[in-house]
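The opening residue of the sequence shown carries number 150 in the numbering used here; numbering runs sequentially from there. Every residue gets a Cβ at the ideal spot worked out from N, C-alpha and C, and that includes glycine. Every value quoted in this text rests on a predicted model; they were computed, and no experiment measured them.
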Amino acid sequence: MTTKIDNGVTFDVIIVGAGFGGLYMLHRLRGMGLTARVYEMGDNVGGTWYWNRYPGARCDAESLAYSFSFDPDLEQEWQWSERYATQPEILRYAEHVAKRYDLLRDIRFERKVSEAHYDENAARWQVRTEAGDSAGARFLVMATGCLSVPMVPDIPGLDDFAGACYQASMWPHEGVDFSGQHVGVIGTGSSAIQAIPVMAEQAAHLTVFQRTPNFSVPAHNAPLDPNWVAAFKQHYREHRRLEKLGLESGFGGLEIEPQEQAPLAESAEALSDAQLHALLEERWQKGGAFFLSAVGDFLINERTNERIAEFVRGKIRSIVADPETAEALCPTSHPIGTKRICVDTDYYATYNRDNVTLVNLRKEPIERITPTGIALQGRQVDFDTLVLATGFDAMTGALLNIDIRGSNGQALSEKWAAGPRTYLGLMMAGFPNLFTITGPGSPSVLSNMLVSIEQHVDFICDLLVHMQSAGREVVQTSLQAEDGWVAHVNEVADATLFPRGGSWYLGANVPGKPRVFMPYAAGVGAYRQICDGVAADGYRGFELN
Ligand code: N01
């Protein structure tokens, strides 16, 4: 432990997590003259970009968009080197932000928060860490991230494996050398789809154990041309404005000139196959998840969705040489886009390598993990090293891992027993003065996280200023406001194909987790308008005392 333990100290605000959400929150609070302490589990800033160091890890939003907008000088001075930034570069950026705004002195690292209890009489949150800190604060801000609790698969024999076993989201800082190794990887989500091509280049042999194939589109990543960037940066403010309104996509649609991006067609209904193919091909060649928004109704019209899905399957069949492997890689069990679309570099082509084998677990289920590999029904596949790219207990996992208790000692785990309930993804009824950044019920994981983080932090800070000027100490949301918001979030999701995705958006990847569509699916523009309206109405749905 490098810093002294907090014992009985109090702050205006305690922030949990030093990822981008925690860093910006701290910066803003400083500017308001408030005292704040950040507790962070890792030994450095960066959150998801601190932990997810697996080979090939990079962002699926363009670097010029996946960055802070709050300071025009920062965005002008920081130079991104690639269209999609690598994990090490994003981590360097987070470190730069922390140093540039002198944030480190208020962050305590290697501090896992174990409990946060609200003392109603004192109107104060009391927070403890596993390291032994005990501190109080009027406000508590959970900046714990949406994808920060790794899922260890419940496969019999996992502990019996005698070789090295790595979880993609807890990758060793010193890296892993796969040279000459036989490697097995379980999972084919975004993490695996990025890691597999890179690991395949190094390993003697790579066996991919796939339960559900995923749709993936090419990133067409490339180094950024400094002249292009300089021209883009002349318009940075306007790009940011459009991005905040959800009118420009940082998922692959950035051009020098800021422009409101519309789908190439509102619906595929009136398009012939050849016409639709041409539109999709245009976006496919451009690269990135922006591909999905080529046609406006892809998430509400089953026929459109299936035609787009079939286009991608056609791509897979044209890239992967072995027809059986190609068919196994073709997703058929969920509408395209209802699970997070993956963005890759050479993923499908990797299966043409002699040293890569796909095991289709739908045909050959895993019986158990053995000391030397994986026993399938009827055969054994041996390898030296096992990589688990098996995802996260998303959106609620990090909050429920902490013993959070609000008014009358109510535990958050009790309140959320049937699934998360929030008002605007920002507050829970019965938990006064506690805010979540990009919590369930907000656009969060369906958006560019940096855009959503800044909007949440700014909203919370404006609310605190409003409370200060009104002489109020306590803010809470009502059950009525919360019920109304939960109903609205469900209504929006139910109007789409999202609930059919069986994804981590729904909690479907965690055994026993209630199936509730957690993010708000109407987009950052609509959400921002609602939040602005709430604030303009004197913070409708929030009770100030
Ligand atoms: O996790 P996932 P991820 N036996 O949950 C499989 C973000 N992200 O870490 O689908 C066999 O998507 C599971 O199979 P199935 C992004 O938002 C972003 O890859 O449950 N397989 C699935 O294939 C992303 O969506 C970036 O049948 C098992 C895989 O493990 C989110 O993080 C990069 C299994 C888990 O896939 C999560 O992605 C990386 C079992 N028992 C991540 N248990 C970028 O910005 C699980 N699986 C680019």
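How long is the line joining the alpha carbons of residue i and residue j, rounded to whole angstroms?
i, j, result
"Asp-222", "Glu-244", "16 Å"
"Leu-253", "Arg-260", "14 Å"
"Asp-308", "Cys-314", "9 Å"
"Trp-653", "Lys-488", "8 Å"
"Thr-152", "Phe-358", "43 Å"
"His-637", "Tyr-676", "11 Å"
"Ala-344", "Tyr-242", "22 Å"
"Asp-268", "Tyr-688", "24 Å"
"Gly-182", "Leu-613", "12 Å"
"Pro-407", "Leu-561", "43 Å"
"Cys-479", "Thr-499", "15 Å"
"Ser-627", "Val-635", "12 Å"
"Arg-456", "Gln-424", "12 Å"
"Ile-335", "Glu-189", "29 Å"
"Gly-302", "Leu-510", "First, the amino acid is wrong: residue 302 is Pro here, not Gly. In a straight line, the C-alpha of Pro-302 is about 14 Å away from that of Leu-510."
"Asp-611", "Phe-647", "33 Å"
"Val-290", "Ile-163", "6 Å"
"Val-673", "Pro-592", "6 Å"
"Tyr-250", "Val-624", "29 Å"
"Ser-216", "Pro-589", "22 Å"
"Phe-608", "Arg-570", "19 Å"
To which residues of the same chain is residue i closer than 7 Å at the C-beta, ignoring the five residues directly before and after it?
i, result
"Asp-645", "For the sequence presented, residue 645 should be read as Thr rather than Asp. Answer for Thr-645: Leu-448, Ile-449, Ala-670, listed in chain order."
"Leu-373", "Trp-229, Ser-230, Glu-231, Arg-232"
"Pro-299", "Gln-316, Ser-318, Met-319, Phe-541"
"Val-530", "Gly-333, Thr-356, Val-508, Gly-522, Ile-523"
"Ile-468", "Tyr-497, Ala-498"
So, with DSSP's three-state summary, where would you put residue i?
i, result
"Gly-333", "strand"
"Arg-554", "strand"
"Cys-610", "helix"
"Val-378", "helix"
"Leu-425", "helix"
"Tyr-669", "coil"
"Gly-281", "coil"
"Asn-454", "helix"
"Cys-479", "coil"
"Ala-547", "helix"
"Ser-695", "Lying before the first or after the last residue shown, residue 695 is absent from the chain, which here runs from 150 to 694."
"Ser-562", "helix"
"Pro-581", "coil"
"Leu-693", "strand"
"Phe-439", "helix"
"Trp-634", "helix"
"Phe-460", "helix"
"Trp-320", "coil"
"His-605", "helix"
"Val-301", "coil"
"Pro-372", "strand"
"Glu-640", "helix"
"His-245", "helix"
With a threshold of 6 Å on Cβ separation, who are the neighbours of residue i within its own chain once the five nearest residues in sequence on each side are excluded?
i, result
"Glu-170", "Residue identity differs from the one stated: residue 170 is Gly in this sequence, not Glu. Counting only Cβ-Cβ distances below 6 Å, and skipping sequence neighbours, we find Ala-292, Ile-586, Ile-602."
"Phe-310", "Ile-518, Leu-535"
"Lys-662", "Gly-656"
"Ala-470", "Asn-501"
"Ile-154", "Gly-281, Asp-282"
"Ala-458", "Ile-485"
"Leu-391", "Glu-397, Pro-407"
"Gly-555", "Tyr-267, Gly-579, Phe-580"
Near residue i, which residues of its chain fall below 8 Å by C-beta distance, leaving aside the five closest residues on each side in sequence?
i, result
"Ile-679", "Leu-573"
"Ser-263", "Arg-277, Thr-278, Glu-279, Ile-551, Asp-552"
"Leu-403", "Glu-211, Leu-213, Ala-214, Phe-381, His-388, Glu-397"
"Ser-340", "Asn-201, Tyr-203, Ala-206, Ala-317, Ser-318, Ala-538, Gly-540"
Residue i: which of the options sits nearest, CA to CA?
i, options, result
"Ala-206", "Thr-159, Phe-666, Tyr-500, Met-348", "Met-348"
"Val-444", "Ala-630, Asn-694, Ile-485", "Ile-485"
"Asp-161", "Gly-168, Met-174, Ala-167", "Met-174"
"Leu-428", "Phe-460, Pro-407, Leu-394", "Phe-460"
"Lys-248", "Arg-689, Val-635, Asn-193", "Asn-193"
"Asp-643", "Arg-664, Gly-285, Thr-545", "Arg-664"
"Ile-342", "Ser-421, Phe-608, Cys-491", "Cys-491"
"Pro-412", "Asp-422, Arg-390, Lys-393, Ala-438", "Ala-438"
"Thr-506", "Val-623, Phe-532, Asp-493", "Phe-532"
"Gly-579", "Gln-351, Glu-692, Gly-157, Leu-599", "Glu-692"
"Thr-545", "Leu-525, Trp-227, Leu-575, Gln-330", "Leu-575"
"Ala-371", "Ser-596, His-331, Arg-386, Lys-435", "Lys-435"
"Ser-618", "Ala-477, Phe-584, Asn-694", "Asn-694"
"Val-594", "Glu-476, Asp-209, Val-659", "Asp-209"
Quick check: does the Cβ of residue i come within less than 7 Å of any heavy atom belonging to ligand 3?
i, result
"Ile-335", "With respect to ligand 3, the structure shown offers nothing to examine, as its ligands consist of ligand 1."
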